[in-house]
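Heads up: the structure comes next, in structure tokens.
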Amino acid sequence: MSLSLEDIHRIAHLARIRLADEAEAIRTQTQLNGLFDLVAQMQAVDTTGIAPMSHARDVQQRLRADVVTEVDQRAALSAIAPQTQDGLYLVPRVIE
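Structure follows, in structure tokens:
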């Protein structure tokens, strides 16, 4: 895929980017076309049989044991609340 100068001006207009002069438009065109060439090269690589990976290195996240470390204080905290119902705090309605 190759962009023309007309495409560059249209993209700049849509993105609300001001191009100072025609030389800047040509530099932008060269950079974007280089990026598209790189993407085309990467898409041309045969990746058949290669499993996708989420990280460049084979690493795994260390997980801790899912163990309860706090004492259940639900009843004590509900007792000091102004209003509760079915174990939930009741608050004044703020949106009508």
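With the numbering used here, the residue at position 56 of the sequence shown is 43, and numbering never jumps. Glycine included, every Cβ here is placed at the ideal spot set by N, Cα and C. The structure presented is a predicted model; accordingly, all values stated were derived computationally and were not measured.
### Message
Going by DSSP, what residue range makes up the alpha helix (DSSP H) through S(-9)?
### Response
Sequence index remark: in the sequence shown, residue -9 carries index 4 (1-based). Per DSSP, S(-9) belongs to no alpha helix (DSSP H) and is neither H nor E.
### Task
Tell me, please, whether the segment 5 to 12 touches the segment 36 to 53 by the rule of three or more beta-carbon pairs shorter than 8 Å.
no
### Message
Quick check: what's the CA-CA separation for T17 versus D24?
### Response
Along the sequence shown, one-based indexing puts residue 17 at 30. Along the sequence shown, one-based indexing puts residue 24 at 37. Approximately 10 Å, taken between the alpha carbons.
### Query
Per DSSP, which one or two residues make a beta bridge with Q72?
Counting from one through the sequence shown, the residue named residue 72 turns up at place 85. Answer is L75.
#### Entry: Cut-off 6 Å between Cβ atoms - residues of its own chain near A(-1), not counting five sequence neighbours on either side
Start at 1 with the first residue of the sequence shown, and residue -1 comes out as number 12. Closer than 6 Å at Cβ, skipping near neighbours: L6.
### Query
Whose CA, out of Q60, L77, H(-4) and L1, lies closest to the CA of I13?
Within the sequence shown, numbered from 1, the residue matching residue 13 stands at position 26. That would be H(-4), whose Cα lies nearest to the Cα of I13.
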